[in-house]
Amino acid sequence: MRLRLAILASGRGTNLQALIDAQEKGEIPTEIAVVISDNPKALALERAHKHQIPAITLVRHDFSTRELYEQKILDLINEYSCDLICLAGFMRILSPYFISNSQVKIINIHPSLLPAFPGLDAQQQALDYGVKFSGCTVHFVDEGMDSGPIISQAVVPVLADDTEETLSLRILAEEHRIYPEAVKLIAEDRIEVKGRKTIVGARIARP
Ligand code: GRF
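In structure tokens, the structure reads:
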């Protein structure tokens, strides 16, 4: 059976595109059931339309409270019978209300080697710090900031003449590789979470 994904995106949606491409090539056993954006201008919405994927905009200021806003997202995710939420450049922090009321797991891709440089502008943070390597991380989302158990990471060098743009592009190429791979592991039920650690194995036999 295909894992039904809800993808939450606020911007250009290249990670969404990587997931669409992997799905269309048959590389991941998924069905992107719905794309939800908080930004009506997100290029991610256009990408979804182009591939006949339902795309829904929910603007925060149309809701009187954050809880009502997040509940609407949760309702949609249930309506579309999603099994997994993938954050792909979703620029809102999901509250503990959302995390604890979600019936399905949530994953995110972050452009640094967590736990280094969580939050915004991770690539610039890496440059400012002077690290020689950075990269990206796919992780489960918990109530903290980019702090949930790590599923996978990829490393890229930071070059002496890097700008935020050149480093971001190098990292992005790896994001597009490891995000679909991580989704595949989840779709194949091969990830077990033990405390902070995720263990990747053969398909887990569940009762
Ligand atoms: C990526 O760098 C991702 O790591 C971060 O937000 C950016 C989204 O880019 N969470 P895109 O919209 O997928 O192109």
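Numbering of the sequence shown is given in our numbering, commencing with residue 3 and proceeding in unit increments.
Even glycine gets a Cβ: it sits at the ideal position worked out from N, Cα and C.
Which residues DSSP lists as bridging residue i, in chain order
{"i": "Glu-194", "result": "Ile-201"}
{"i": "Thr-168", "result": "Thr-168 pairs with nothing; no bridge assigned."}
{"i": "Lys-107", "result": "Leu-86"}
{"i": "Leu-7", "result": "Ile-34 and Leu-86"}
{"i": "Arg-140", "result": "Checking the sequence, you will find Val at residue 140 rather than Arg. Answer is Ile-111 and Ser-154, bridged to Val-140."}
{"i": "Phe-135", "result": "Pro-159"}
{"i": "Ala-46", "result": "In DSSP, Ala-46 forms no bridge with anything."}
{"i": "Thr-59", "result": "Ser-39"}
7 Å Cβ shell around residue i - same chain, five flanking residues per side excluded
{"i": "Arg-205", "result": "Glu-190, Asp-191 and Arg-192"}
{"i": "Ile-173", "result": "Pro-113, Gln-125, Ser-136, Gly-137, Cys-138 and Val-158"}
{"i": "Arg-198", "result": "Pro-151"}
{"i": "Ile-180", "result": "Cys-138, Val-140, Ser-154 and Ala-156"}
{"i": "Pro-98", "result": "Glu-145"}
{"i": "His-178", "result": "Thr-16, Asn-17 and Ala-20"}
{"i": "Gln-25", "result": "Thr-32 and Ile-34"}
{"i": "Asn-103", "result": "Leu-76"}
Same chain, Cβ closer than 8 Å to residue i, five either side skipped, listed in chain order
{"i": "Ile-75", "result": "Leu-10, Ile-38, Leu-60 and Phe-100"}
{"i": "Ile-95", "result": "Met-147"}
{"i": "Thr-168", "result": "Leu-161"}
{"i": "Ser-12", "result": "Ser-39, Asp-40, Asn-41, Ala-44, Ala-46, Gly-91, Phe-92, Met-93 and Arg-94"}
Proximity winner among the options, relative to residue i (alpha-carbon distances)
{"i": "Lys-134", "options": "Val-36, Ala-162, Arg-62 and Lys-199", "result": "Ala-162"}
{"i": "Lys-186", "options": "Pro-31, Gly-15, Met-3 and Leu-78", "result": "Pro-31"}
{"i": "Arg-84", "options": "Ser-149, Gly-28 and Val-36", "result": "Sequence check: residue 84 is Cys here, not Arg. Comparing Cα positions, the closest option is Val-36."}
{"i": "Asp-40", "options": "Pro-182, Tyr-82, Gln-73 and Met-93", "result": "Met-93"}
{"i": "Pro-42", "options": "Ala-57, His-53 and Glu-29", "result": "Ala-57"}
{"i": "Glu-33", "options": "Val-143, Leu-5 and Tyr-131", "result": "Leu-5"}
{"i": "Ser-149", "options": "Ala-20, Leu-86, Ile-108 and Ala-175", "result": "Ile-108"}
{"i": "Ala-175", "options": "Ile-111, Ile-188, Leu-116 and Lys-196", "result": "Ile-111"}
{"i": "Gln-105", "options": "Tyr-82, Ile-201 and Leu-70", "result": "Tyr-82"}
Rounded Cβ spacing between residue i and residue j (contact assumed at less than 8 Å)
{"i": "Glu-166", "j": "Leu-129", "result": "6 Å"}
Spatial neighbours of residue i in its chain, beta-carbon cut-off 6 Å, leaving aside the 5 residues before and after
{"i": "Ile-79", "result": "Ala-8"}
{"i": "His-53", "result": "Ile-22"}
{"i": "Phe-119", "result": "Gln-127 and Ala-128"}
Can at least three beta-carbon pairs, one atom from the stretch 60 to 72 and one from the stretch 44 to 52, be found at a separation below 8 Å?
-> no
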